[in-house]
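For reference, the structure is listed below as structure tokens.
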RNA sequence: CGGGGCGUGGCGCAGUUUGGUAGCGCGUACGGUUCGGGACCGUAAGGUCGGAGGUUCGAAUCCUCUCGCCCCGACCA
């Protein structure tokens, strides 16, 4: 395309309300414009990159025998009511009514719609397996859209769904997606890691997230050089066993006036935090539950929810605590608690002579031994911290911020059972279809590529998702330089290379700055001196290396470079 | 939803404390000189100061309400 005929509104200065490089550069480079919080228009450059990403996704999924659909974004409430998600999705779902007063919503994801097709059309195990996908606009009424295209209210997602007759089939479909996803992100040029993840409100047994490390991220990845990797919500570590002093003879009450926090007690009783029990109360379906971690550990709410198998868990209010325990939050403990479930983190297991609240204001208990003085359900509850020994190999763990660019789930039969998607097995029995669901956020791929690859001058696109592979920059678009540029542009077009011809009447400096900003991987400069010798320069955006070649061999040189970026 | 910040030509900002009728840089248009890393000179166009109401002789500026955007937190397939 010709720059003069292409809408590329670049900006000289960083936009005022963009914080992260990806957001700033997408706006400055003329890729996107904001419409409202979490809602953006994709301009020609942005759209070209989105289409390249979509193209890679399509190629890889089609190669795995997945089939592309296109489902509606507008859904009747009735389908979502069948699975209970009409309620479960709460305020995160955009809802509306039609003129007749019927409830509708904008799809956040498409399990219901795909499952509806499956239950109506698929009768027999012979029709399975199926992998269906689409690239669709999704809507979520985010509480806080942010960070440019990283947290949107409207975004494009590739979502696929697998349908199998049994769990072994699901394992295969899941593995296919895992492998396809790795190929997709690799082709998009991303450095990523697949981590164990928690399934949240989606239901299902196993899930993995594909994460790209970056400051703009909102998730935390725990990773070890041995290959262990998990979302902080799921990660565990191996902790050195603590040797306890002999505990005397059972819990004894000690007066601790106004000593409420772990640190208070450590100070007042001279007992280190690691020898205390931290007692936290959560309301699960509005009933109090007690959660215990070591005094120097942090409770992990995702693990709380996993432990109670409910997302309806929240910290108890002070009044609720007092009603349940007869004491304030600073004086709680598990001893003598019979009215509610008690969950304890394994770091407390095998310990003795511990200190905790006495469930009586201003009193604590010393000499407490788990499994003797109280009987908890043992379940992982604590948050892993950087530097702790890896659960697999014992080396120190790294913890870093990351963005989730994809998520794959083994859903199981949650949707097929609630919606009645059944097939007949070989021995003639009805069985619910076993499903998986798999998502990729296209905008997040675009944004994370920029977060990963940029410099002070602009974006440095991976070739595969650059809006153009090559930009031709005649120092002056006239006379011989114009002819040479036009000829090269035509030749690149015939060679199937995406080229942008900067035919603007601008000073060279402006063209160079703009080319750097929008991040085209290769720039071919047509300048007067070199041209006289029949030469041209090929500038590599990523390395800033310039190579002088015969202008007649520019196409073949570029073809070679583009093949191996 | 809680806390904080900000809304002034297309973009980035000053002006608001102490009311007097809007300014700078960039961009844009035109003319000229330039032409290998965001040129220079000259001329010009372009603003309901987010919106509504109020105080005042007079409001970008003070008061009330409201809308929007950004950041932190809560929340979150």
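Residue numbers (the working numbering): 1 to 565.
Note that CB positions come from ideal geometry on N, CA and C, so glycine has one too.
Residue i: buried (16+ other C-beta within 10 angstroms of its C-beta) or exposed?
i: residue 255; result: exposed
i: residue 123; result: exposed
i: residue 359; result: buried
i: residue 572; result: Because residue 572 is not part of the residues shown, which for the chain are 1 to 565, the question remains open.
i: residue 67; result: exposed
i: residue 444; result: buried
i: residue 138; result: buried
i: residue 11; result: exposed
i: residue 406; result: buried
i: residue 74; result: exposed
i: residue 78; result: exposed
i: residue 226; result: exposed
i: residue 240; result: exposed
i: residue 188; result: buried
Measuring CA to CA, which of the options is closest to residue i?
i: residue 275; options: 156, 303 and 244; result: 244
i: residue 6; options: 284, 468, 295 and 437; result: 468
i: residue 345; options: 377, 151 and 335; result: 377
i: residue 416; options: 95, 401, 434 and 4; result: 434
i: residue 211; options: 428, 408 and 550; result: 408
i: residue 302; options: 484, 532 and 383; result: 383
i: residue 249; options: 362, 488 and 367; result: 367
i: residue 578; options: 564, 491 and 520; result: The first residue shown for the chain is 1 and the last is 565, placing residue 578 beyond what the model contains.
i: residue 82; options: 418, 560, 166 and 103; result: 418
i: residue 265; options: 364, 307 and 172; result: 364
i: residue 169; options: 521, 436, 179 and 422; result: 436
i: residue 460; options: 2, 3, 4 and 26; result: 26
i: residue 390; options: 235, 157 and 72; result: 235
i: residue 322; options: 60, 269, 552 and 280; result: 280
i: residue 165; options: 515, 425 and 470; result: 425
i: residue 261; options: 331, 526, 464 and 105; result: 331
i: residue 126; options: 503, 423, 558 and 556; result: 423
i: residue 498; options: 472, 375 and 539; result: 472
i: residue 333; options: 147, 544 and 289; result: 289
So is the beta-carbon of residue i under 8 angstroms away from any non-hydrogen atom of the ligand ZN?
i: residue 289; result: With respect to small molecules bound, the structure shown includes none, and the ligand ZN cannot be examined in it.
What is the rounded straight-line gap between the Cα of residue i and the Cα of residue j?
i: residue 326; j: residue 414; result: 40 angstroms
i: residue 357; j: residue 263; result: 13 angstroms
i: residue 198; j: residue 311; result: 11 angstroms
i: residue 340; j: residue 92; result: 31 angstroms
i: residue 143; j: residue 440; result: 21 angstroms
i: residue 192; j: residue 214; result: 10 angstroms
i: residue 338; j: residue 352; result: 21 angstroms
i: residue 119; j: residue 457; result: 53 angstroms
i: residue 36; j: residue 112; result: 29 angstroms
i: residue 237; j: residue 397; result: 8 angstroms
i: residue 478; j: residue 48; result: 28 angstroms
i: residue 324; j: residue 154; result: 43 angstroms
i: residue 528; j: residue 561; result: 25 angstroms
i: residue 65; j: residue 224; result: 34 angstroms
i: residue 335; j: residue 86; result: 41 angstroms
i: residue 402; j: residue 246; result: 44 angstroms
i: residue 149; j: residue 488; result: 35 angstroms
i: residue 98; j: residue 141; result: 19 angstroms
For a test of the three-state rule: what should DSSP assign to residue i, helix, strand or coil?
i: residue 378; result: strand
i: residue 46; result: helix
i: residue 308; result: helix
i: residue 406; result: strand
i: residue 188; result: coil
i: residue 115; result: helix
i: residue 271; result: coil
i: residue 181; result: helix
i: residue 454; result: strand
i: residue 78; result: helix
According to DSSP, what are the bridge partners of residue i?
i: residue 473; result: 525
i: residue 132; result: 67 and 161
i: residue 547; result: 538
i: residue 398; result: 223
i: residue 501; result: 2 and 472
i: residue 137; result: 156
i: residue 103; result: 97
i: residue 287; result: 284
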